[in-house]
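Colleague: Residue numbers (the working numbering): 27 to 99.
We put the beta carbon where it would ideally sit given N, CA and C, even for glycine.
The structure's right below; bear with me while I get my questions together.
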């Protein structure tokens with residue numbers, strides 16, 4: 027059985043995966059390696075990656091205007 031993801035989820039998935047991998051790597055550095063500074067530094071990547079995803083995937087004003095024009099024509 028093949029799972030079909032929605033197009034919006036497919037666009038978000040790389041950012042979610044990268045954020046989760048960064049979280050796991052920061053936990054590894056902090057607890058396993060004992061390098062607390064590096065663990066905290068890498069842990070700060072998670073919100074940055076998610077913010078980048080929100081910025082890249084946010085609809086632009088130009089896109090919104092085009093959709094409105096198509097809707098009313």
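Going residue by residue through the segment 42-93, where are the continuous alpha helix (DSSP H) segments of at least 4 residues, counting only ones entirely within it?
Modeller: 62-69, 71-83, all fully within the segment 42-93.
Colleague: Which one of 96, 78, 29 has the shortest CA to CA distance from residue 38?
Modeller: The candidate whose alpha carbon is nearest that of residue 38 is 78.
Colleague: Compare the beta carbon distance of residue 52 and residue 31 with 9 Å and say whether it is the shorter of the two.
Modeller: Result no, Cβ atoms of residue 52 and residue 31 do not sit closer than 9 Å.
Colleague: What separation, rounded to the nearest whole angstrom, lies between the Cα atoms of residue 71 and residue 64?
Modeller: For residue 71 and residue 64, the distance between alpha carbons rounds to 11 Å.
Colleague: Are the C-beta atoms of residue 78 and some chain E residue less than 9 Å apart?
Modeller: Absent from the structure: chain E. Only one protein chain is present.
Colleague: If the criterion is Cβ atoms closer than 9 Å, does the pair residue 76 and residue 42 meet it?
Modeller: Yes. Within cutoff.
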